[in-house]
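The numbering of the sequence shown is the working numbering, which starts it at -12 and goes up by one.
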Amino acid sequence: MCGKNKGVVALVSKAVENDGGSKPLVLHCIIHQQSLCGKCLDMSEVLKPVISVVNFIRSTGLNHRQFREFIEEIGENDLPYHTAVRWLSCRKILKRFFELRAEIEIFLNEKQRPFADLENSEWMWKLAFYVDLINHMNELNLRLQEENQFLPDLYTNIKSFRQKIILFQSQLRKKCFTHFKTCEIFSHTLQRLNFPSILQSKL
């Protein structure tokens, strides 16, 4: 498709030039570029420990069965298995981890493997923030993949998302979580609203 000499882009460019036309403008897939932007988010401080905990829970049949029985007793669902994943699929595991944070903490304490980050409000803010931010990125990605769209449509979606980012930055400076529902949920568990200002720079 994109081979230097025999790819579609190269062949089309050559045909156009041989016919006396101007060399076509070549653009990389706009969805691929959006995906690369997502990869620029450094979520390792949150994602790595979450993956470690999930893999511990699911690493042995006994741990997994005990955890599954435990959460079934309280009417919850299981944690999805997670190892190395594409960033677009991160939200599922992070969101489920956030939803089951209390149950996970109890289970890990019973296993003599406490997870201190669950008591760290700054780390929890980051977890909640990334759940919401990745959700917005996922929504953009789905819009870019809709059928019957032309380049102007894709550009409009990207431009609209950039405007949303400006709105999000303004709202977060005011500690307004209208578009960050997970952050809003977490804020209600705190006596003092201490949203880390460093997270605003992630947008």
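Note that CB positions come from ideal geometry on N, CA and C, so glycine has one too.
Owing to the predicted nature of the structure, the values given are computational and were not obtained by experimental measurement.
message: Counting only C-beta atoms, is residue 174 closer than 8 Å to chain D at any point?
response: Absent from the structure: chain D. Only one protein chain is present.
query: Among 169, 160, 48 and 88, which residue has its Cα nearest to the Cα of residue 184?
result: Within the sequence shown, the letter at position 197 stands for residue 184. The residue with the shortest Cα to Cα distance from residue 184 is 160.
field: Residue from 152, 108, 110 and 113 with nearest C-alpha to residue 127
entry: By 1-based counting over the sequence shown, the position of residue 127 is 140. With distances taken between Cα atoms, residue 127 lies closest to 152.
- prompt: With 16 as the cutoff for other CB atoms within 10 Å, does residue 107 come out buried or exposed?
  reply: As a working mapping, residue 107 is identified with position 120 in the sequence shown. Exposed, by the Cβ-count rule.
Top-ranked residue by Cα proximity to residue 79, from 186, 173, 38 and 112: Numbered from its first residue, the sequence shown carries residue 79 at position 92. The residue with the shortest Cα to Cα distance from residue 79 is 38.
field: Inter-residue spacing [alpha-carbon to alpha-carbon] between residue 142 and residue 132
entry: Walking along the sequence shown from the start, residue 142 turns up at place 155. Walking along the sequence shown from the start, residue 132 turns up at place 145. Approximately 13 Å between the Cα atoms of the pair.
query: Do you know whose CA, among 150, 179, 149 and 148, lies nearest residue 162's CA?
result: Within the sequence shown, numbered from 1, the residue matching residue 162 stands at position 175. Residue 179 is the option with its Cα nearest to residue 162.
message: Tell me which residues share the same chain as residue 77 and place their Cβ nearer than 6 Å to its Cβ, disregarding the 5 neighbours each side in the sequence.
response: By one-based count along the sequence shown, residue 77 stands at place 90. Around residue 77, the same chain offers 121 as residues with beta carbons nearer than 6 Å, after the five sequence neighbours per side are excluded.
message: Can you tell me whether residue 2 sits near the ligand ADP, meaning its C-beta is under 7 Å from at least one heavy atom of the ligand?
response: Absence of the ligand ADP from the depicted structure is noted, as is the absence of any ligand whatsoever, leaving it without description.
- prompt: If we ignore side chains and look at the alpha-carbon of each, how far apart do residue 20 and residue 145 end up?
  reply: Translated into positions along the sequence shown, residue 20 becomes position 33. Translated into positions along the sequence shown, residue 145 becomes position 158. With a pLDDT of only 49 at residue 20, under the threshold of 50, the placement of this residue in the model should not be trusted, and no figure is reported.
query: Taking the continuous alpha helix (DSSP H) assigned at residue 161, which residues delimit it?
result: As a working mapping, residue 161 is identified with position 174 in the sequence shown. Element bounds for residue 161: n/a, residue is neither H nor E.
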